[in-house]
Amino acid sequence: MKISARNILKGNVTEIVKGATTSHVRIDIGGVIVTASITNEAVADLQLEKGKQAYAVIKASDVMVGID
1 MKISARNILK
11 GNVTEIVKGA
21 TTSHVRIDIG
31 GVIVTASITN
41 EAVADLQLEK
51 GKQAYAVIKA
61 SDVMVGID
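Residue numbers (full-length UniProt numbering): 1 to 68.
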């Protein structure tokens, strides 16, 4: 896979919660859970299921930083 995003995190799907049109896919990245909202069609096209290896690809034009 070659893409322009720099933040590509490999993990395993732990849960898929399907809604009417959108699914929340949870991926375990070394003990940290990342949740992605993708279409139900994308879940089917990628053949995602619990336990399957997947990548969380994070591409953002803005990153905010905060402190206490």
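Ideal Cβ positions, reconstructed from N, Cα and C, are used throughout, including at glycine.
Below 7 Å between beta carbons: does that hold for residue i and residue j?
{"i": "V34", "j": "A56", "result": "yes"}
{"i": "G51", "j": "I29", "result": "no"}
{"i": "residue 118", "j": "A54", "result": "Residue numbering for the chain in the displayed model covers 1 to 68; residue 118 lies beyond these limits and cannot be assessed."}
{"i": "A36", "j": "V25", "result": "yes"}
{"i": "V13", "j": "L46", "result": "no"}
Name the DSSP beta bridge partners of residue i, please?
{"i": "G11", "result": "A54"}
{"i": "V25", "result": "I16, A36"}
Measure the alpha-carbon distance for residue i versus residue j and round it to whole angstroms.
{"i": "I58", "j": "I67", "result": "22 Å"}
{"i": "T39", "j": "I8", "result": "20 Å"}
{"i": "V65", "j": "I16", "result": "29 Å"}
Classify residue i: buried if its beta carbon has 16 or more other beta carbons within 10 angstroms, exposed otherwise.
{"i": "S23", "result": "buried"}
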